[in-house]
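Undergrad: Structure incoming, see below.
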Amino acid sequence: MTKQERFNKILAYFQAHQPVAETELNYRNPYELLVAVILSAQCTDKRVNMVTPALFKAFPSPEIMAEASGDEVFQYIKSISYPNNKSKHLVGMAKVLVNDFKGIIPSDIDELQKMPGVGRKTANVIASVIYEKPALAVDTHVFRVSARLGLTNRAKTPLETEKQLVKYIPEKLIPIAHHWLILHGRYTCLARNPQCMKCALTEWCSYYRQKKKK
């Protein structure tokens, strides 16, 4: 089976069985999504969704967030991972968003990364979810699932994974493919105990084929 054939089979399965796939973060506008994605780094979406209602109520716009102190924001997010850094990032992000972008979240990947707390993964999420751009964010789930399925070959960094994936995924499917891979990693292809017996992708999976040989 060629690499393109493997991609085609796996993408076809997801298209047929999971035609709707989207972020599990709760948000009502681009600003709220940006805040939630920054908070989600090395933290579960479930935990982020627990703290954001009160956070968004206290800081409903980037203008209000920009006037806050890191200590004020910290009080709302102290139950998530790395709250000290993230509280500073949120305030810094809001300041740049208001001062440099007039409160309008940019669609360009490089422009997005000018804001504190916004790396390539976060920028790709915003570009694909809000602006429907062919950007593919690589988190730990995407990195792991892509390697196990055989969609990537010895990629050592998220950027290498991203480049290998977008080479074979049709441009129109790139935004939703991000969610397919994340959700598959979150609920089926678990890090420590992959649920191969209930996985529908084993026919094309490199990890499963190697596992059967042992």
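To convert, count from 1 in the sequence shown and add 60; that's my numbering.
Glycine is no exception: its CB is placed at the ideal position from the N, C-alpha and C atoms.
(1) Does the distance from the CB of VAL80 to the CB of ILE186 come in under 8 angstroms?
(2) Three or more beta-carbon pairs under 8 angstroms between the segment 251-266 and the segment 100-113, yes or no?
(3) Evaluate the contact criterion for the segment 101-118 versus the segment 131-147: three or more CB pairs, one atom per stretch, below 8 angstroms.
(4) If we count the other Cβ atoms within 10 Å of its Cβ and call it buried at 16 or more, is ALA195 buried or exposed?
(5) Distance, Cα to Cα, ARG252 vs VAL202?
(6) Give the secondary structure of TYR163 by DSSP, where H, G and I count as helix, E and B as strand, and everything else as coil.
(7) Can you grab the Cα-Cα spacing for the pair ASN213 / GLN224, in whole Å?
(8) Within its chain, find whatever has a CB closer than 7 angstroms to the CB of MET125; leave out the 5 residues flanking it on each side and keep chain order.
(9) Name the residue from GLU65, LYS63, ARG66 and ALA72 whose alpha carbon lies nearest to the alpha carbon of LEU233.
(10) Have a look at GLN64, LEU94 and ILE70 and flag the residue whose alpha-carbon is nearest the alpha-carbon of HIS188.
(11) Counting Cβ pairs, one atom from each stretch, are 3 or more of them under 8 angstroms apart for the segment 161-170 and the segment 204-212?
(12) Would you give the residue range spanned by the alpha helix (DSSP H) that SER266 belongs to?
(13) Could you pull out every residue in the same chain whose Cβ sits closer than 8 angstroms to the Cβ of GLU192, ignoring the five residues on either side in sequence?
(14) CB VAL198 to CB PRO218, shorter than 8 angstroms?
TA: Taking the coordinates as given:
(1) With respect to the 8 angstroms criterion, VAL80 and ILE186 are not classified as neighbours on the basis of their beta carbons.
(2) No: the two stretches stay apart, fewer than three of their Cβ pairs being nearer than 8 angstroms.
(3) yes
(4) buried
(5) 15 angstroms
(6) Checking the sequence shown, residue 163 turns out to be Gly, not Tyr. Coil.
(7) Rounded to the nearest angstrom, the two C-alpha atoms are 8 angstroms apart.
(8) PHE119, LEU150, VAL151 and ALA154
(9) When the alpha-carbon of LEU233 is set against those of GLU65, LYS63, ARG66 and ALA72, the nearest one is in ALA72.
(10) One point to set straight first is that residue 188 is Ser, not His, in the sequence displayed. Minimum Cα distance to SER188 is reached at LEU94.
(11) no
(12) 266-273
(13) PRO235
(14) yes
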